[in-house]
Each structure stands twice: as C-alpha cells, then as structure tokens.
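Chains as they are written, first to last, in this note's numbering: chain A, 1 to 174; chain L, 1 to 463.
Note that the Cβ used here is the ideal one computed from N, Cα and C, for glycine as well.
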Amino acid sequence: MAKSPILGLFETADNAADAGDALKAAGVSPADYDFLTDTPYPEGAFGEREEPHRLYLFPFIGALIGLTVGIMLTSMTQMAYPLAQGGKPILSLPPMAVVTYESTMLTAIIFTIIGIVFESRLPAFKEGLYDTRITEGYIGVLVNVEESELTQTQTLLTQAGAVDVVLKAERISA
Amino acid sequence: MQEGTPLQSRQVNRELLVSILNSPKWFFGALSVLGFIVLVAMSTAGFMINQGFGVTGLNRPVMWGFFITNFVFWIGISHAGVMLSAILRLSKAEWRRPATRAAEILTVFSLMTAMTMPLIHTGRPWRTVYWIYTLPFVPYDYARGIWPNIRTPLVWDPSAVYTYLTSSILFVMIALIPDFAVLRDRTTGISHRIYGMLAMGWQGNARQWKLQIIAGVLLSALILPVFVSVHSIVSWDFGMAVSVKSWHSTIFAPYFVVGAVHSGVSAVAFVLIILRYIYGWQNYIRHEHIDALARLLIVVATGWFYFFVMEVVFGFYGREADEIAVRNYQFMISPWNIWMMIFVGLTYFAPVAIWLSRPARRNLWIMSLACIFVNIGMWLERFLIIVPGLARKQLLTFDWYTYRPSSVEWIIIIGTFALVSMLMLTIARVVPLIPLYDIKEGEILRTEIKIGRVTVPAVFRED
C-alpha cells in the first residue's frame, strides 16, 4: 500500500529534533522521515540517519576519462597533421602536457557536478510534500506513513511542537 | 569575526533578495548608460574589423598592445573569484560567507570579457571558426594547404581558459541551487517557473545539504589547480614566445599568478563595497570583511612585490643584451620610466601603506581608492611587460617602432569595463550576489562564549 506524506513545520531545531525522536520511538523507520531546512545544519543535529554516498568516485572516473581523451586528442592531432618543425619529432610530449592536464581537470569537474546532482537525487520535481515556509526558516519534518497512521503522526508532530502540519500535497513546481 | 547583529531567516531573504524582487529606481538608468557604452565599443570593434588594424596603434614590431594587455588584466581579475572562494571554503574561514558568490560571478564575467580580447585582436574574428570548422574531416586551414602550428603554446591558453570558465560556471550554478529554491518560493508566474526549473526540485533535505557542502569543498579542491594553471599558462604566452627574449623569464608563472590574485582580490573588495553601498547590505558586508580582505591583500601584495623585484634582478643578473635593453626602456627612457614609477607606486606602496592602518582598512572610501589603485597599477604592469618587450628590434623583425594606442583601442578597452559592470548589474537582478544559505548557516552556528569576565562572539565549526 502506498504511503502518504505528512509535513510538520517547526520553529526551532530543538522541536524538530524532538519530533524525530518521537517518530523513532513510535517505530517509524528512519528511511521514512526527513528534515527539510533552508540552510545546512551540523550533521546529526536532528538525530537524522547517516546519508551514505559515492560522490568521491565521480571525480576519479572523470579524471581517468579526461586523461585518456586528452592523450588521444593531442597525440592523434599531431599524427594527423604531421608538421615537421626544426627536426623535432612529429609526436612530441611537451605540447601534450598542458592540454591533457586541462582535459583531465575539466572532465573531473564535470563528473563531480554530475555526481552532485545524481547523488542529491535531483531533479526531483514530482517528489514529496513541501511548504514554502521552509525557505523562511521553518524546519520541516517530512514523514511518509500508511494512510491509517496519518492522524496518529499528525498528533505526534503537534505534540512535539509543530506550528503547523500539512497534509495536502503542495508539489514542488518546475 | 562576528561583529554584526543576529539575523533572522526571513530578514536575510528580504534584505538579500532586494536586488531581485524590488529593483531600485536607478537600475534601468544605470543599465542603459552601461549598455550604451558597450554598444559604442562593439560598433568601434566592428569599425576596426571593417577598416583593418590600420585604425589601431598596432604596428611592427608592437603587435600586442592594449588588447592583449586587457586580456591578461581580465584573466587576472578572474583569479580572485574562485581563488578567494575556494581557499576560504577549504579553510572554512568564517568571513568568506558574503564574499564567495560575488567573487565567483566576477570570475565568470571577467573570463568571458577576457576571451573577447584575443578574438578582437585577431582582426578577423570569423577566421577563428576555421580553426575548428571541418570540410568534412579536415580543419579549413589545412584543407587549403595552410599549416598552422598545432603544437604552439598559444593553443594551451584557450584550453586552460575554457576549462576555467566551464568549471567556474558549473561551480556557481551548483552553489546557486538552494538559493534558486528560495526564489522559486517567493516568485509567481514565469519567474516562478524559471526559478523552479533552475532549483530542480530542491527541498533542502539532509542528504541534499550534505552533498551541497561536500560539493563546495570538493569543487574548490578541483578548481584551485585549474586556477593556478590558467595564469601560469597565460604567462607562458610570453615565456614560450620564441622571438622576444626579454619574456623568457622562469619566474613569470608564479609572478603572474600572484599578480592576478593581487588585482583580483582588490577587485572583489571593490565590488563588495559597491554592493554594500547600492543595495544597503551593511548587515552582511561589514567592515570586518573588508578589513580581513585588506589584511590578506598586504600579504598578497608583498608576495607579488617579491616576485616583481626578483624578475628585475634576474634580468640584470643574466646580463643578456635583450633583457638589459628592456630594463633600459623601463627604468631610463621616458615615458616608460614614469609609467613604471606610477605602476609600482599604485600597485604596492600606496595601497599597502593604506592597508597597514586599521582605520584606513575600515574606511570604505579609502579602501575603494586603494583597490582602484591596485587595478590601475596591475593593468599598467601588463602593459609594461608587453610593449617595452616588443618596441625594439627583435631577432625576427626588421624594424622598430613605439606604440601609441588609438582612440579605437581606448573605446574598446573602456567598453570591456562597462561590459563587466553591466553584466554584474544584470546578474544582481537575477540571482542573489550573497549566498542566502551560507549567511543563514553562519547565523545558526554563531554563539557567544564567556571567557573569564568577557563574553566573546564565537562560531561553531564542524570538521
């Protein structure tokens, strides 16, 4: 059965953390609730779950691809247009170094950006329940529960100090 | 480093989005004036392309003049942004918060402007298309039997600049996503849709913030080596040139990089002062921030001065005829020696004397003046490297000639300054030039601690 979202809005980080504790005590899986804020809070401020990621792999993969492309581009160009200069070899390493370095770095950075977007699960236009008050400083506690548990969760969030509880989906528009 | 009063999230949104949501009355007037100057400069460039290089002051052997000087200058300005932002992010310096975004955007626009200079300087810019245009597999020049040297060091320059430009744009865009979400939540109609697209459905959950913070550090670490490469490669445009021996200086790369940081950080300080003044961001760009930048600049300027002196000393030490001849130009022959004195005075002695005084560092008018001094001086530095090096008989030239820039060159150069100002003003209307989430993070991390009998402002810092 599909779960329904419910969003509690809190004015302080303490209240939001209390809501997190209450949800945990009520047996809600940490994967089923999340904290929405308008600024990064120190990790663990709300007792939220660890967020594993593989972002660090992306720049390495990008760098390897960039290095390969750089070497191929510079060496194949020299071979394709064999212009002899002062008895120097046609395939010469010094002119390759800078361009290869730049292509390595560029691809590493592009892959890092792709990694950030991918690991952040963006774009996410259709996901979740949202309230614009979150970008005014309110802390949102977004919970996904069974339809039958909505009322109980609403009570739980209110008791933890939620100033408002949103049930109707306000989709993040594109 | 916590001199301001605590700020609420709503207040931060209201005050920092003022440049976007409530455009000041003077905005379109200022934009029109700058746009007109840019238009005049573009028309002048068109006139020059139509008439040929004869309308400029460029002639054998001085074929690099104002345009290349300006190219190096804007590349230098671009170094402030990412350098400042990246180093301060990596070191988690608390005072970085209001400075990073403006610095990064200044990087992007100054790089774009810099790239127009070599194109204009080619005299026939459309021919640059031929370098990559294929018929169908061979670049056009090769197909016509012309064999440009693909191994020239001049190829390195565009590869480095485009890498830096692409990286800087991506760096800015990633850091903008959370702020686009704030704008998405505060706009209606078409603006809402555009900001919604740009925010990509950002919600601000713990995972997204974690990735955003790591992104700032990781991208900083990746961009810093690119930043070092760019201006060192620009210096090799000179250092690797076969015929101009006075440019064969092994110290050029660090000398150029430190010089770029010097001019760039000064430009960022100046931009911050202007933003504080025009948008009333006194709560965000505080005296302490400008003070910190000035203290950083003392170190950078002194580092730059060291390289400058060493470059001159090495020139004399080698006793090569070409090198001595250029030094003769720079130090003994008018007007070059006068420009040289002005350049050193404006770049080092005047601003550093100002920055050594705390009241001067906290006086925004004096600070603005010092930053303008540095940038005039650094522009002159590039001019005094390029022109005296060329304005004499070289191994592969048959005559010599001095250089006087024509009005065409002056107008195009002034146009580039108007272009960067116009772009900065325009972007301020579209994106917040101070990162909202960074300021808000600073606010939630700020605290006060009691030590003995004093209570001092402090900030919590995560590892």
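Rounded to the nearest angstrom, what separates residue i and residue j at their Cα positions?
i: A/D164; j: L/I449; result: 34 Å
i: L/F270; j: L/W379; result: 16 Å
i: L/V240; j: L/W247; result: It should be noted that the sequence gives Met, not Val, for residue 240 of chain L. Rounded to the nearest angstrom, the two C-alpha atoms are 8 Å apart.
i: L/W336; j: L/A391; result: 11 Å
i: A/L91; j: A/A108; result: 26 Å
i: A/T132; j: L/V182; result: 8 Å
i: L/K92; j: L/M83; result: 14 Å
i: L/K25; j: L/I427; result: 16 Å
i: A/G62; j: A/L55; result: 12 Å
i: L/L364; j: L/L224; result: 29 Å
i: L/I89; j: A/I113; result: Just to set this straight, residue 89 of chain L is Arg in the shown sequence, not Ile. Using only the alpha carbons, I get a separation of about 17 Å.
i: L/S229; j: L/T163; result: 10 Å
i: L/I190; j: L/R184; result: 10 Å
i: L/V40; j: L/G415; result: 7 Å
i: A/Q78; j: L/R151; result: 8 Å
i: L/V217; j: L/L211; result: 10 Å
i: A/I116; j: A/T104; result: 18 Å
i: L/L419; j: L/F27; result: 15 Å
i: A/S173; j: L/L34; result: Interpretation of A/S173 is limited by its pLDDT of 47, a score under 50 that renders its predicted location unreliable; no figure is taken from the coordinates.
i: L/F256; j: A/T37; result: 43 Å
i: L/L165; j: L/P98; result: 22 Å
i: L/G201; j: L/Q208; result: 11 Å
i: A/E11; j: A/I139; result: 6 Å
i: L/Q330; j: L/M340; result: 6 Å
Roughly how far, in whole angstroms, is the beta-carbon of residue i from the beta-carbon of residue j, given that I think they are within contact range, below 8 Å?
i: L/S9; j: A/G137; result: 3 Å
i: L/F305; j: L/T69; result: About 20 Å; that fails the 8 Å criterion.
i: A/V99; j: L/S159; result: 5 Å
i: L/L436; j: L/L16; result: 6 Å
i: L/R273; j: L/L356; result: In the sequence as displayed, the identity of residue 273 of chain L is Ile instead of Arg. Not a contact, Cβ separation roughly 19 Å.
Run through the DSSP bridge pairs and tell me what residue i is partnered with.
i: A/F35; result: A/V141
i: A/F10; result: A/I139
i: L/T455; result: L/K450
i: L/V228; result: According to DSSP, which records beta bridges pairwise, L/V228 is partnered with nothing at all.
i: L/D185; result: DSSP lists no partner for L/D185.
i: A/V166; result: A/L7
i: L/N70; result: Paired residues: none, contrary to the question.
i: L/V62; result: L/N59
i: L/N205; result: A/L36
Applying the 10 Å Cβ sphere with the 16-neighbour rule, what's the burial state of residue i?
i: L/V12; result: buried
i: L/N22; result: exposed
i: A/R171; result: Unreliable positioning characterises A/R171 in this predicted model, as indicated by a pLDDT of 49, which lies under 50. The coordinate reading is nonetheless provided below. Exposed, since its Cβ has fewer than 16 Cβ neighbours within 10 Å.
i: L/R37; result: At residue 37 of chain L the sequence reads Ile, which differs from the Arg that was named. Under this definition L/I37 is a buried residue.
i: A/E50; result: exposed
i: A/L167; result: exposed
i: A/D21; result: exposed
i: L/L170; result: buried
i: A/Q85; result: exposed
i: A/Y41; result: buried
i: A/K3; result: exposed
i: L/V242; result: exposed
i: L/I333; result: exposed
i: A/K126; result: exposed
What three-state label does DSSP hand residue i in the structure shown?
i: L/R97; result: coil
i: L/K450; result: strand
i: A/P123; result: coil
i: A/I172; result: Only weak support is given to the placement of A/I172: the predicted model assigns it a pLDDT of 49, under 50, and the question is left unresolved by the model.
i: A/S4; result: strand
i: L/N363; result: coil
i: A/D131; result: coil
i: L/V244; result: coil
i: L/N283; result: coil
i: A/V28; result: coil
i: L/N13; result: helix
i: L/V430; result: coil
i: L/N22; result: coil
i: L/M200; result: coil
i: A/Q154; result: helix
i: L/W147; result: coil
i: L/I333; result: coil
i: L/K92; result: coil
i: L/Y437; result: helix
i: A/A45; result: coil
i: L/W355; result: helix
i: A/K88; result: coil
At a cut-off of 7 Å, would you count residue i as near the ligand MG, judging by its Cβ distance to the nearest heavy atom?
i: A/Y33; result: Among the components of this structure there are no ligands whatsoever, and the ligand MG is therefore not found.
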